Every structure is written in structure tokens, then in C-alpha cells.
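For reference, the structure is listed below as C-alpha cells.
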Amino acid sequence: MKHFRGTSVILVFFAFTAALVVFFALTGSEKEISGPSPSQTGKVITPRIDSEKFLSANTVDTEQLAFEDSNNVKIALSPTELPLSVLTQDFDGDPSEEQLVAYRKNGDAENRVYLMYIDFNETNGNYEKVWSSPTIITRPQTLRLFTKDLLGDRSICAILTGLNDRGEQTITVFHKKEKNSPVAFSKIAELAVDGSIVIKESERTEAYEMGLTRAPSFPISTLSRDLESSNILDQIEVIYNWDPSSGQYVRVGTNRIERKSVVQRQLRNLVDGTPGKVEAFLQGLWYSVQSATSGRRSIYFDPERREIIFYSEGTQEVYSWTNSSPTRYGLYITCQNISITTLKRFIDVNLENGDTITLRIYEDVKIKIGVADSWDGVYQKMTGADRKISQHEEAAPQPLSPWVSEKYEGNEGSLHFNADGTFLWPQGKEIQEGKYLFFQYGSTELLELHPKTGSSPRVVYQVERQKEGKTGTILVLSRVQLSSKGIQTMNLVPLRLRKIEQ
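Counting in my numbering, the sequence shown runs from 130 upward without gaps.
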């Protein structure tokens, strides 16, 4: 009898264990079929900057713009070291990641931007600052940090560009040394000019891409004013090439570039060091003269609202105009995407004549978000005459109006959109107010609300406009989030608002 009882207990135990295994197997399968849990999805990038202060300010502190980057620094910085930009990647082929951190020092009389290298110490298991060096950039809000194989040997060069206090374009290039070298990086180029600086990239061979051969190094070109010419538009181009024997970029040639002088006086008055004059000159719509080959593009500069709108092939991107720095030939602009705040653009504007500008636009390359090809090129200002084009030519696209004067009503209360970019939304005893913006993401129309007060965060809605009867309009707003993967739905009940004719 005792033996039978023991056998029964064992059988019950195994039966219970088998049931648990089957249960967890089934629930695991259901989770796998239904898709990843919210914690497994890609990180959603949400704006974190106070909207009222951000949208109205002419200059936004760079430390605030780099908030997300600074949170990821792998060591504790000193109280005087303020991070500006961070790159995290494998720089030396070992299992751990390293970091490049651009920062400035409180109390530095020259207000220079520095670069530090943070490496993992396998002996003590901690990250450590192993190298640091200053640059000649003194306007942190114009900083751009990225890496590139300049030399064609698959080594890493850290490149920092930006402006100094004289409004000159600068570039500093640090070359990554071998892993066991006593110095992590060496400076191989540092230039400052009153014009522009360009890395003259060229397409590299398939053999290089496959790791079979080296490639030629990329030259660096500078454009500055020709001091021997009375025409302020005439420039001198200086070419620098990599010299392996000296370990430096050295000057190898110059070219004179003559420009038309018919609008010298007008441009001289504009580029007198006052950014407001150039901003007023840029006000309006500019279209690319290369549109026939690169697709129809236009850029709308709105200095009053501190907005820059990029329009290309049905896609509209809206950026907040966060900083303007005068240069010898125009303006250096920093702007930031209003919805995905880690996306930044740096615009180098050169004035060519009364209705033509040349733009060099640099993306923040730390974010891979599928941003299309370059916006660089020559742009002309849109005038009334430009709109009267022939019937065989496609009309230039107009940026969609981000602000309207309309009123809607629904179960959530009355939503008032004002033409000055503000909204009012009474909801029971609470009243929400702030700034709003209609914009396009690809072919999708979106609405973003920036509450002015309270703890309410920014919210983004996908917009669908439905007809009601012959003249009525229903606005259907579905909550979404914008991330590096695009538009992500939130599976909430859409809001339905009926337009009230005023």
C-alpha cells in the first residue's frame, strides 16, 4: 500500500510538471505569433524640449539640443565639462564600444570645443577617458561631429566642423592611431577660412568596398575671399591632400574663381555681420535650379516664425530655426526637426546675387533614419513671374500651410485653430492651449500639438479628412508616434471632429 501511494505521488508530480511545460509552451507560442511586446519594439524618439521657449527663441542652447546624446556618456564628466555631441561605436575592433564626446569647458576663456575619447579598460572593467584635445570651434551651436575614412585605408578619422568667433568656417580632423599606440588620435588637419570648407568625396571602387584594396584619400577644399580682387564675390580655392610622409594634410594647389560684380553693393550691405538682414533676405520660397535632374524641390524660410520647410516630391519636413551665425558670404543656420528632435540640419547659405543662393546642407549623421539624398545646390527665389510657367512644365510645389483659421467640435470639446499657429481646446473644466502645426510625413498628413502649460506632452495625430454631405467636413485624428522606424500607430480610439463654418 505504501508503495502504491508513493507511485501515485510520483505520477501526479510528473503529470503536473508536464502540464506546466505544455502551458508555458502554448503561451510562449501565442506571444511569438502575436508579435513582440512593447518593450521589444524600437525606441520611440519623443520631443523633450519646452515648446513655447523652443519655438520662440532665436538661439537654443546646444547642450539642450544634445540632451539625449549627453545622457549616454559612459563616464561621469567633471562639473565643468558640458557634453555637446556623442558618437558611440567600435573604433578599434574589440568586443566593446568606444565613445567620442565633443564638449566644452566652463571657464575656458576661449570657449573652445574639445574632443575626448573614452575607451573600455579590460583590467578594471570600467570605461575611462584616455585622450582629449581642443579644436578651433568656438560657437558650440554650429558644431557637427562625424567619422569618415578620409585616407582610404579603412582607418577612422574624427571630423569636427563649425564656426569660430570671427564667423569663419573651421574643420579639425583627428586620425585614429593603432590600438597599442600611446596616443589614441593625432591631429592631421585644422583649417579656418572666411568662406566654406568641403571634403571632396568621390566614389570608391568595388574592390575597396569589399576590403581588397585601398582607395585614394579625399582632398579638402577651402573657398575664401580673393583679397587681391576688388570684387567681394571673387574667391580663392585652396586644395589640401593627404601626405603620408608628414602625416598631415598639406596644400597642393590654388584656383581663382571670378564672380559677377553687378550686385556687389547690395550683398556688401547684407553680409555686414548682422544675421537679421540675411534672414530677411531669405524670407520666402526658394526652388532648386537642378530640379530637372534631382526632382522638384523647394525650401521655405520663415524667420518670423523661426521655421524652415523642406519640400520634395510630395514630402514636407518642418524644422525649427534654432540659430543663425553670420559668415563672410551669408549665414550658417542650425535647425532641428520639430517632431524628431534628434534630427538636425546645418545649412551653409552663400549669397550669389539678388535672387540666387548656394546651399550646402549637412545632416546629423549620427541618426540613420532614411533621409534622402543631398539638398546641396543652387536655389532661386520664387517670384510672381516664376509661377507663370509654360503649360508643358510642371508647376513648382507650394509648401502646405501649417496654420489655418478653423473651428471643430466633437465629444472632446471645441478645437479652435488660429492663423497665428496657436490652438485653444476647452475640454470640460480644463482648457488646453498652445501651438500647433499641420505637416506632411511622406504622403501622410499629421497634426502636432504643443501644449503651452501643464504637464501634457506634445502629441501627434494622423489626419484624415472625410466629407459629410455636400459641404461638411469631418476631421478624424488618430494618435501616432514618430520614431526612427517612421509612423507608429497607438491603437487608441480616433477623435472625430466636425468643422464649424464661420
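Glycine included, C-beta positions come from ideal geometry on N, C-alpha and C.
Fair warning: this is a prediction, and the values are worked out from it, not measured in the lab.
Which of the three DSSP states, helix, strand or coil, is assigned to residue i?
i: K406; result: helix
i: P269; result: helix
i: L399; result: helix
i: Y458; result: coil
i: L411; result: helix
i: R625; result: strand
i: E251; result: coil
i: D318; result: The sequence given here has Ala at residue 318, not Asp. Three-state DSSP puts A318 in a strand.
i: A287; result: strand
i: E307; result: coil
i: M130; result: With a pLDDT of 48 at M130, under the threshold of 50, the modelled position of this residue cannot be trusted; read the value that follows with caution. Coil.
i: E433; result: coil
i: K517; result: In this predicted model, K517 has a pLDDT of only 40, less than 50, meaning its place in the structure is not dependable; the value taken from the coordinates is given anyway. It is coil, neither helix nor strand.
i: E210; result: strand
i: E538; result: strand
i: E330; result: coil
i: E239; result: coil
i: E630; result: coil
i: E335; result: helix
i: W532; result: coil
Assign residue i to buried or exposed, taking buried as 16 or more other Cβ atoms, counted over all protein chains shown, within 10 Å of its Cβ.
i: P311; result: exposed
i: T470; result: buried
i: R385; result: exposed
i: M619; result: exposed
i: T351; result: buried
i: G382; result: exposed
i: V622; result: exposed
i: G557; result: exposed
i: I437; result: buried
i: I560; result: exposed
i: L575; result: buried
i: S441; result: buried
i: D297; result: Here residue 297 turns out to be Glu, not Asp, going by the sequence shown. Answer is buried; the Cβ neighbour count reaches 16.
i: D549; result: exposed
i: R426; result: buried
i: P531; result: buried
i: N479; result: buried
i: R594; result: exposed
i: E630; result: exposed
For residue i, which residues from the same chain have a beta carbon less than 8 Å from its beta carbon, with the 5 sequence-adjacent residues on both sides left out?
i: E408; result: F430, P432, S453 and L460
i: K305; result: F220, D221, S284, I285, C286, A287, A313 and F314
i: K628; result: E535, K536, Y537, G601, T602, I603 and L604
Short of 7 Å in beta carbon distance, which residues of its chain neighbour residue i, apart from the five on each side in sequence? Order them along the chain.
i: K596; result: T602
i: T403; result: P455
i: L211; result: E192, Y232, R233 and N235
i: G539; result: L624, R625, L626 and R627
i: I365; result: S353, D355, T383 and R385
Could you tell me which residues DSSP puts in a beta bridge with residue i?
i: W260; result: Y246
i: G506; result: L488
i: I469; result: Note: I469 sits in no beta bridge, so no partner.
i: V109; result: Residue 109 lies beyond the range of the chain shown here (130 to 631); nothing can be said about it.
i: R380; result: Y369
i: P580; result: G563
i: D294; result: Its beta-bridge partners do not exist; DSSP assigns none.
i: D477; result: Y461 and R489
i: F275; result: I288
i: Q610; result: Q617
i: V605; result: E593 and R625
i: R343; result: The partner list for R343 (beta bridge, DSSP) is empty, contrary to what the question assumes.
i: L352; result: S325 and E366
i: L544; result: Y537
i: P555; result: I560
i: S225; result: S225 pairs with nothing; no bridge assigned.
i: R385; result: I365
So, does the CB of residue i fall closer than 8 Å to a CB anywhere in chain B?
i: T485; result: Although the question refers to chain B, the structure presented lacks it and comprises just one protein chain.
Can you find the residues in the same chain that come closer than 6 Å, C-beta to C-beta, to residue i, ignoring five residues on each side of it along the sequence?
i: N240; result: T267
i: V507; result: V418 and T487
i: V302; result: C286, I288, I317 and A318
i: R333; result: A344
i: P263; result: R241 and Y243
i: N370; result: P348 and V381
i: W128; result: Residue 128 falls outside the range modelled here, since the chain spans only 130 to 631, and no answer is possible.
i: L578; result: Y565 and V588
i: N466; result: Y448 and L472
i: T485; result: Q509
Sufficient close CB pairs (3 or more, under 8 Å) joining the segment 434-453 to the segment 344-355: Touching, no, given that fewer than three Cβ pairs across the two stretches are closer than 8 Å.
Closer than 8 Å is the cut-off here; do at least three beta carbon pairs connect the segment 292-310 with the segment 249-258? No, because fewer than three Cβ pairs between the segment 292-310 and the segment 249-258 fall closer than 8 Å, the two stretches do not touch.
Under 8 Å: do the segment 473-485 and the segment 564-572 share three or more Cβ pairs, one atom per stretch? Verdict: no, contact absent.
Meets three-Cβ-pair contact criterion under 8 Å: the segment 220-233 and the segment 276-290: A contact exists between the segment 220-233 and the segment 276-290.
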